[in-house]
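Colleague: Following this message is one structure expressed as structure tokens.
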């Protein structure tokens, strides 16, 4: 028996550009930036003062607000409920035991209200004192509030909200987690383990501990005077990523199940590649060997030659090493600029959503297929010889494509690639 086909029938998003997948797409096509000075906690003494925040936080129904509802779970609930409604599943009422939730997640932050006094105390000396802040913050946390830090919480909240009693997975593969959840959901549906799966990612790390930690590693851009220009993937003057937050959720559904209920079908998932670098726990392979292999595996899984891909949504974090290795890996598979398909990074507009990044980027791929418009890489001003591809610089582009590839490469060398096809009624 041939493997079952998997389609996208609903989408939901919460990003620094706002709530709603359509609103996000319109603002991305317009090249708008969601990066600004941090408003959630005082940053006067931090070296990095900018991030891509979801501000204000989206609302959830009062009966879903509990002591265990962290910010990343809030994002997942809003995006997941939008995707569920977008797919028409409130009326369809699928068998709960055939509905799953696959969520990419990271270590969530708390509501932060009680952390602000601790941060102010730690900054009393005129500079942020990390050890003092950490000690004071941990003293204020009760065992109940620490539950908000657990990786599984977002998927649990979302499953309860929509009544999903089928398979439930959590992927915690860092920056690849959201795309990883989509890939594994695709496989589960093809195997017949469910008929419908809400798949995506959610994350929030915009807090004093994460900000100072990434800054200490030298991974963040500190262009505090021009935050909207800070994230500049593939640009020669890129200097680090911008921390973002949010959630993206797609409803993946077995094709015949979707057709039987006359669902709107956005796109089809046709390929998935999953590899590890086997290199270091904190760095990607400098030559992008694992990333290249994941793209090749995804193409093989989809039964496609490289020339079939019309658009690549890059991982494109705006760090020197990541962007160079990704561009070079793309070049080895697809050829040089002029031969390879257009490549763009929406992280230039929404920052790096970490575990949620790949899911929101999958939504951008689906929109690109449906509308025939490619989102731009904004802030691209200076050509880098190490990154010699067509990055759709600064303005969206009208280009009809049949297949789109979505790249996600995790902090420890986890490489996830998914491939989507424009769906036509059959």
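Numbering (our numbering), first residue to last: 16 to 441.
All C-beta atoms in this analysis are idealised placements derived from N, C-alpha and C, irrespective of residue type, glycine included.
1. Compare the Cα-Cα distances from residue 374 to each of 199, 351, 206 and report the closest residue.
2. Which value, in whole angstroms, describes the spacing of the CA atoms of residue 317 and residue 113?
3. By the DSSP assignment, the alpha helix (DSSP H) with residue 218 in it spans what residues?
4. Who are the Cβ neighbours of residue 172 in its own chain at under 6 angstroms, not counting the five residues just before and after it?
5. If you draw a straight line from the alpha carbon of residue 254 to that of residue 247, how long is it in whole angstroms?
6. Measure how close the beta-carbons of residue 359 and residue 390 come, nearest whole angstrom, since I'm counting them as under 8 angstroms.
7. Looking only at its chain, what residues have a beta carbon closer than 6 angstroms to the beta carbon of residue 166, apart from the 5 residues adjacent to it on each side?
8. Nearest to residue 239 by CA position, among 258, 404, 168, is which residue?
9. Measure from the alpha carbon of residue 181 to the alpha carbon of each residue in 233, 20, 208, 192, then state which is nearest.
10. Taking residue 94 and residue 29 to be in contact with their CB atoms under 8 angstroms, please state how far apart those CB atoms are, rounded to whole angstroms.
11. Am I right that residue 260 and residue 75 are in contact with their C-beta atoms under 8 angstroms? What's the rounded C-beta distance?
12. Who are the Cβ neighbours of residue 127 in its own chain at under 7 angstroms, not counting the five residues just before and after it?
13. Using the C-alpha atoms, what's the distance from residue 64 back to residue 287?
14. Are the C-beta atoms of residue 234 and some chain C residue less than 8 angstroms apart?
15. Starting from residue 176, trace the alpha helix (DSSP H) both ways and give me its first and last residue.
16. How is residue 35 classed by DSSP in three states: helix, strand or coil?
17. Kindly indicate which residue of 397, 356, 329, 301 has the alpha-carbon position closest to the one of residue 366.
18. Please state the DSSP three-state secondary structure of residue 408.
19. Compute every distance between the C-beta of residue 22 and the non-hydrogen atoms of the ligand NAP, then say whether any falls below 7 angstroms.
20. Take residue 190 as the anchor and find which of 52, 80, 298 has the nearest alpha-carbon.
21. Is there contact here, the stretch 103-112 with the stretch 404-415, by at least three beta-carbon pairs under 8 angstroms?
22. Would you say the stretch 263-278 touches the stretch 344-351, given that touching needs at least three Cβ pairs under 8 angstroms?
23. Just how far apart, CA to CA, sit residue 37 and residue 44?
24. Measure the C-alpha to C-alpha separation of residue 99 and residue 60 and round it to an integer number of angstroms.
Modeller: This is what the structure holds:
1. 199
2. 25 angstroms
3. Note, residue 218: premise wrong, no alpha helix (DSSP H); beta strand (DSSP E) at 211-219.
4. 88, 92
5. 8 angstroms
6. 6 angstroms
7. 120, 185, 187
8. 258
9. 208
10. 5 angstroms
11. Between residue 75 and residue 260 the Cβ distance is about 16 angstroms, and since that is not below 8 angstroms, they are no contact.
12. With a pLDDT of only 47 at residue 127, under 50, the local geometry of the prediction cannot be trusted, and the value read off the model is given with reservation. The residues are 55, 56, 222.
13. 37 angstroms
14. No chain C appears in the structure shown, which is made up of a single protein chain.
15. 168-177
16. coil
17. 329
18. strand
19. Looking for the ligand NAP in the displayed structure turns up nothing, as the structure carries no ligands at all.
20. 298
21. no
22. no
23. 11 angstroms
24. 42 angstroms
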